[in-house]
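Enquirer: Input: one structure, supplied below.
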Amino acid sequence: MSRIFNFSAGPAMLPAEVLSRAGDEMLDWHGSGMSVMEMSHRGSEFIGIAAQAEKDLRELLAVPANYKVLFLAGGATLQFAQVPMNLLRGKGKADYVATGEWSKKAIKEAKSYCDVHIAATSEDRKFTYAPKQWHERPDAAYVHYCSNETIGGVEFHAAPKVEIPLVADASSHFLSRPIEISKFGLIYAGAQKNVGPAGMSIVIVRDDLIGQAAKGTPSVMDYKLQAEADSMLNTPPSYSIYIAALVFKWLKALGGLAEIERRNVAKSKLLYDYLDSTRFYSNPVAKEDRSRMNVPFTLPDAKLDEPFLKGAAERGMVQLKGHRSVGGMRASIYNAMPIEGLQRLVEYMREFEKRHG
Ligand SMILES: *Cc1c(COP(=O)(O)O)cnc(C)c1O
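Okay, so the sequence shown: first residue is 712 according to the numbering used here, each after it adds one.
Quick look at the structure:
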């Protein structure tokens, strides 16, 4: 067996320990004689798995008791609609911060539901920084931002302080560091970056904000109804919840979010220190707002992109091509990417520079 270093932005690498445990348990989960995929979601085995997943996630993030934790079908893109459906609470207006491709998508979707005001944007510098001065309307239902722009590689390293409920799309840095949940009204994340299989999202929401979904909201998309049903109003994405549960256990065993943050700092530092030491490669993001998870960089000439990617693949490193909207390269280095992947990447970049610089 050989595992490749997969730098994809998502679906992304999962911890090898988690995948191999899931493999061991595939045919017979804990003597039940069946796979988790085959279990009734109303049976005691699966209810135990789901309850443990929620308990471990609450512990990892120190989620306060007045917050609901939901495991919902559908990617983070579905939340772009589900958030306004649930959180407008009759107010008809919501504020958004525009910092790149993902926040722009959220804004576009929200416009079908309400009056949208842009509270801050980094468009003036091509979305290469995280704006700190926001002008949210005091009567808006909430202010939404993308706390890590996966494509642009821009991360808010601290949650901004605002007077109205703060909503974050944290998809691509969820569980990469400790966060203070009480600063948020709602935080959501698609699973395929740091948690598990694509197609599921985790939503953490303050309980006073739910229960006023807009008329016409499908019941399975109503946070309150899902919270009352422990995210099992209908059949939940049960296998995805099981994999997420294994990932939470993996994180706890290695020392929790403080430890994974320490590793993520060390990993991203290896790459950024090298980028700063050379003029061959460049990264456009303001230093203080650089993402620890997604590192875009360009070569001096786009003609070198193909040879760079080919050489990387020959050395067991794949999915380094940047998003089509920005070009160049992007290394996504989520929790499950080992530091050896970064060491190999930097070593290769150095060698490539020597040959072509
Ligand atoms: C990946 C991603 C999404 C979209 O996830 P889907 O599962 O494709 O809907 C949304 N926001 C951010 C920040 C992402 O990284």
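C-beta: ideal position from N, C-alpha, C; glycine also.
(1) How far does the alpha helix (DSSP H) with L730 in it extend, from its first residue to its last?
(2) Within 10 angstroms of its Cβ, does R1041 collect 16 or more other Cβ (buried), or is it exposed?
(3) Quick one: grab the DSSP three-state call for S982.
(4) List in chain order: all unbroken alpha helix (DSSP H) runs of 4+ residues lying wholly within the region 850-929.
(5) Entirely within the region 820-846 and at least 3 residues each: give me those beta strand (DSSP E) ranges in chain order.
(6) Which runs of the beta strand (DSSP E) spanning at least 3 residues fall entirely within the region 977-1046, listed in chain order?
(7) Can the beta-carbon of F791 be found less than 7 Å from the beta-carbon of G811?
(8) Is T810 near ligand 1, going by C-beta to nearest heavy atom under 6 Å?
(9) Please report the distance separating the alpha-carbon of L957 from that of V729.
(10) How about V1057 and G864: are their beta carbons less than 7 Å apart?
(11) With a CB to CB cut of under 7 Å and the five nearest residues on each side skipped, what residues in its chain are close to A830?
(12) Is the Cβ-Cβ distance between A879 and S858 less than 7 Å?
(13) For the alpha helix (DSSP H) containing A787, list its first residue and its last residue.
(14) Cβ of S1002 versus every heavy atom of ligand 2: is any distance shorter than 6 Å?
(15) Under three-state DSSP, which class holds A723?
(16) On the CB-based measure, 16 or more other CB atoms within 10 Å of its CB, does A1013 come out buried or exposed?
(17) Mapping the DSSP letters down to three states, classify L1056 as helix, strand or coil.
(18) Between M1004 and S882, is the Cβ-Cβ spacing less than 7 Å?
(19) Taking only heavy atoms of ligand 1 into account, decide whether any of them is closer than 6 Å to the Cβ of G721.
(20) Would the beta-carbon of T1073 be found less than 6 Å away from any heavy atom of ligand 1?
(21) Could you tell me the distance, in whole angstroms, from the CA atom of G785 to the CA atom of A841?
(22) Ends of the alpha helix (DSSP H) at A938?
(23) Let's see if you can read the secondary structure: which residues bound the beta strand (DSSP E) around L781?
(24) Determine the contact status of S988 and T1009, defining contact as a CB-CB distance below 7 Å.
(25) Using DSSP's beta-bridge definition, name the partner residues of N717.
(26) Using DSSP with H/G/I as helix, E/B as strand and the rest coil, what is V931?
(27) Can you check whether the CB of K978 is closer than 7 Å to the CB of L1053?
(28) Are the beta-carbon atoms of Y1045 and K843 separated by less than 7 Å?
(29) Assign P929 to buried or exposed, taking buried as 16 or more other Cβ atoms, counted over all protein chains shown, within 10 Å of its Cβ.
(30) From which residue to which residue does the alpha helix (DSSP H) around K960 run?
(31) Starting from A805, trace the beta strand (DSSP E) both ways and give me its first and last residue.
(32) To the nearest whole angstrom, what separates the beta carbons of S887 and F782, a pair I think is in contact under 8 Å?
(33) For the alpha helix (DSSP H) containing S755, name the first residue and the last one.
(34) In the structure shown, what three-state DSSP assignment does N975 receive?
(35) Just the Cα atoms here: how many angstroms apart are A821 and A776?
(36) With a threshold of 6 Å, establish whether the CB of D880 neighbours any heavy atom of ligand 1.
Expert: Well, looking at it:
(1) By one-based count along the sequence shown, residue 730 stands at place 19. Looking at the DSSP string, the run of the alpha helix (DSSP H) that includes L730 is A727 to D735.
(2) In the sequence shown, the residue the question calls residue 1041 occupies position 330. Counting every other CB atom within 10 Å of its CB across the protein chains shown gives R1041 a total of 16 or more, marking it as buried.
(3) Taking the sequence shown and counting its residues from 1, the one referred to as residue 982 is at position 271. One point to set straight first is that residue 982 is Leu, not Ser, in the sequence displayed. Reduced to three states, the DSSP call for L982 is helix.
(4) Fully enclosed alpha helix (DSSP H) runs of 4 or longer: not present.
(5) Scanning the region 820-846 from its first residue to its last, the whole beta strand (DSSP E) runs of 3-plus residues come out as 826-832.
(6) Fully enclosed beta strand (DSSP E) runs of 3 or longer: 1005-1008 and 1040-1043.
(7) Locating residue 791 in the sequence shown gives position 80, counting from the first residue. Locating residue 811 in the sequence shown gives position 100, counting from the first residue. No, Cβ-Cβ distance for F791 and G811 is not below 7 Å.
(8) Locating residue 810 in the sequence shown gives position 99, where the first residue counts as 1. No.
(9) Position 246 of the sequence shown, counting from 1, holds the residue named residue 957. Position 18 of the sequence shown, counting from 1, holds the residue named residue 729. Between L957 and V729, the C-alpha separation is close to 6 Å.
(10) Here residue 1057 refers to the residue found at position 346 of the sequence shown. Here residue 864 refers to the residue found at position 153 of the sequence shown. Taking 7 Å as the cut-off, the beta carbon of V1057 is found no closer than this to the beta carbon of G864.
(11) Translated into the one-based positions of the sequence shown, residue 830 becomes position 119. Contacts found: D806, Y807, V808, W845, H846, E847 and V854.
(12) One-based indexing of the sequence shown puts residue 879 at position 168. One-based indexing of the sequence shown puts residue 858 at position 147. Yes, they are a contact pair.
(13) Translated into positions along the sequence shown, residue 787 becomes position 76. In this chain, the alpha helix (DSSP H) harbouring A787 covers A787 to L798.
(14) Ligands in the displayed structure: ligand 1; ligand 2 is not one of them.
(15) Locating residue 723 in the sequence shown gives position 12, counting from the first residue. In this structure, A723 counts as coil in the three-state DSSP scheme.
(16) As a position in the sequence shown, residue 1013 is number 302, starting the count at 1. Answer is exposed; the Cβ neighbour count stays below 16.
(17) The sequence position of residue 1056 within the sequence shown is 345, counting from 1. Residue state, collapsed to three classes: helix.
(18) As a working mapping, residue 1004 is identified with position 293 in the sequence shown. As a working mapping, residue 882 is identified with position 171 in the sequence shown. Contact flag unset, no.
(19) The residue labelled residue 721 in the question sits at position 10 within the sequence shown. G721: yes, Cβ under 6 Å from ligand 1.
(20) Outside the modelled stretch of the chain, which goes from 712 to 1068, sits residue 1073, for which no answer is possible.
(21) Stepping through the sequence shown from its first residue, residue 785 is reached at position 74. Stepping through the sequence shown from its first residue, residue 841 is reached at position 130. When rounded, the separation of the alpha-carbon atoms in G785 and A841 is 27 Å.
(22) For the purposes of this step, residue 938 is taken as residue 227 along the sequence shown, with counting starting at 1. Counting along the chain, the alpha helix (DSSP H) containing A938 begins and ends at Y934 to E939.
(23) For the purposes of this step, residue 781 is taken as residue 70 along the sequence shown, with counting starting at 1. Annotation: the continuous beta strand (DSSP E) that includes L781 extends over Y778 to A784.
(24) For the purposes of this step, residue 988 is identified with residue 277 of the sequence shown, where counting begins at 1. For the purposes of this step, residue 1009 is identified with residue 298 of the sequence shown, where counting begins at 1. No, Cβ-Cβ distance for S988 and T1009 is not below 7 Å.
(25) Numbered from 1 along the sequence shown, position 6 holds the residue referred to as residue 717. In DSSP, N717 forms a bridge with V1029.
(26) The residue labelled residue 931 in the question sits at position 220 within the sequence shown. In the three-state reduction of the DSSP assignment, V931 falls in the helix class, which pools H, G and I.
(27) Position 342 of the sequence shown, counted from the first residue, corresponds to residue 1053. Position 267 of the sequence shown, counted from the first residue, corresponds to residue 978. Yes. Within cutoff.
(28) Reading the sequence shown from its first residue, position 334 is the one you call residue 1045. Reading the sequence shown from its first residue, position 132 is the one you call residue 843. No. Outside cutoff.
(29) Walking along the sequence shown from the start, residue 929 turns up at place 218. Result: exposed.
(30) Within the sequence shown, numbered from 1, the residue matching residue 960 stands at position 249. In the DSSP assignment, K960 falls within the alpha helix (DSSP H) that extends over S949 to L965.
(31) Stepping through the sequence shown from its first residue, residue 805 is reached at position 94. Residue range K804 to A809 is occupied by the beta strand (DSSP E) that includes A805.
(32) For the purposes of this step, residue 887 is taken as residue 176 along the sequence shown, with counting starting at 1. For the purposes of this step, residue 782 is taken as residue 71 along the sequence shown, with counting starting at 1. Contact between S887 and F782 is absent: CB atoms are separated by about 19 Å, not below the 8 Å threshold.
(33) Here residue 755 is taken as the residue at index 44 of the sequence shown, counted from 1. S755 to L772 is the span of the alpha helix (DSSP H), which, as asked, contains S755.
(34) By one-based count along the sequence shown, residue 975 stands at place 264. If DSSP states are grouped into helix, strand and coil, N975 belongs with the helices.
(35) Stepping through the sequence shown from its first residue, residue 821 is reached at position 110. Stepping through the sequence shown from its first residue, residue 776 is reached at position 65. Roughly 29 Å between the two C-alpha positions.
(36) Mapped onto the sequence shown, residue 880 falls at position 169. Because some heavy atom of ligand 1 lies under 6 Å away, the Cβ of D880 counts as near it: yes.
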